[in-house]
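Please read the structure below before turning to the comments.
In this note's numbering, the protein residues as written are 2 to 438.
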């Protein structure tokens, strides 16, 4: 068995290491984290505006007024998330090459706007010029924004690194000097995107937003919203963790663009119609996997050990893991049980999250439980509370309790076997100590 694990680890570790250290995936992850505090603020406003009991304690006029005030928050944060991601990619990618990050972010953002049609089309009415529809800055423009930002930052840094810049004499204030140094790289980069936009709009009578959305984003998002790709992502995450690699970071770096786009589409639909089009989203993954005690949903494992196991060693690990586990931090269990490279737990470690993911999908796709609305819930919010916040429904929290029970049942026989082994070992150690004394 150990030889099998060693062979698999020799294959997985180099691949996972390359993904984890990939410059572009790291930049993408950091760019989404740049937008995280802003999206949380917008999510809080959405949650407050849609609390289910408000219509019973407020008049209709007061409720509509409050919602019109609060709805500005998600519009200014979550619905224009692509802007923050584009700037973040330009900034962090430029910085990774040791060139001025702020200008890289600004140039990437300007490049994106060059490709964005400043036209608002309203059905049955004449198009309004000089206005950008919000969806171009949010879910619909996400993939074009990411592609544009990476290309723009690469052009910018290559021009800078070839020293094709204006150098100011000594004594000029640094801010002025940096601005002039970025002038030529900015002109070159923006000219490239202006030419691209001219070709697409004038020759092909369309725009890059629609081209990328139809050719790239829609197919990928459609694929990522399915249960089979989601289960594969969960499976690979658990396998990577088993071999000591941070599966969450590696898989999220690849899947976050798709999951976050699905979340934005959910939020846009929810704030406008109250309906949620997608079951799978960033919140589906976080709240119903990580949000139940950390990766692998190990809070149920902690409770199973504390209430049903007898081994002192296991109980000590569970006691240490209980506090962090409530807030979805489970390193004490992963390294203390241990989970990593432990063949005794590989079956429940992989099986439990996949079963729970499938059960959650069935419950939500059937309409029994509402899917997550797209609001961003901090990953440290405890179980049950985060389920209610994500779905704006008590059913979302109750589903987590059902999933908690499923995890406990799957893990129980394996934990019992480990418990018996530990009890036997502890008895032998006590006897050895007694005989030695």
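Here a beta-carbon is modelled for each residue, glycine too, at the ideal position from N, C-alpha and C.
- By DSSP's assignment, residue 130 forms a beta bridge with 120.
- Out of 109, 370 and 152, the CA that lies nearest to the CA of residue 399 is found in 370.
- Around the beta-carbon of residue 22, fewer than 16 other beta-carbon atoms lie within 10 Å, marking it exposed.
- Between the alpha carbons of residue 139 and residue 165 lies a gap of roughly 34 Å.
- Between residue 292 and the set 315, 222, 349 and 378, the nearest pair of CA atoms involves 378.
- With a minimum length of 3 residues, there is no unbroken run of beta strand (DSSP E) contained wholly in the region 378–420.
- Across the set 260, 313, 183 and 116, the C-alpha of 116 shows the shortest separation from the C-alpha of residue 200.
- The Cβ atoms of residue 245 and residue 386 lie no closer than 9 Å to each other.
- In the structure shown, residue 258 adopts helical secondary structure according to DSSP, grouped into three states.
- Where residue 298 is concerned, there is no enclosing alpha helix (DSSP H), because DSSP gives it neither an H nor an E.
- With a cut-off of 8 Å on Cβ pairs, the region 167–174 is not in contact with the region 74–93, counting fewer than three such pairs.
- In the DSSP annotation of this structure, residue 101 is not part of any alpha helix (DSSP H), being labelled neither H nor E.
- Nearest C-alpha to residue 391 among 289, 136, 278 and 236: 289.
- Here residue 174 is actually not in contact with residue 277; their C-beta atoms are around 52 Å apart, not less than 8 Å.
- Between the region 96–110 and the region 129–137 there are fewer than three C-beta pairs closer than 8 Å, too few to call the two in contact.
- Boundaries cannot be given for residue 247, as no alpha helix (DSSP H) includes it and DSSP labels it neither H nor E.
- The C-beta distance from residue 397 to residue 384 rounds to 11 Å, too long to meet the 8 Å contact threshold.
- A contact between stretches requires three or more CB pairs, one per stretch, nearer than 8 Å, and the region 348–367 meets this requirement with the region 231–238.
- Residue 349 and residue 405 have their C-alpha atoms roughly 13 Å apart.
- Comparing alpha-carbon positions, the option among 210, 35, 180 and 375 lying closest to residue 194 turns out to be 210.
- Taking a C-beta distance under 9 Å as the contact criterion, residue 78 and residue 39 qualify as a contact pair.
- According to the DSSP assignment, residue 333 belongs to the alpha helix (DSSP H) that extends over 332–337.
- Here residue 432 is exposed, its C-beta having fewer than 16 other C-beta atoms within 10 Å.
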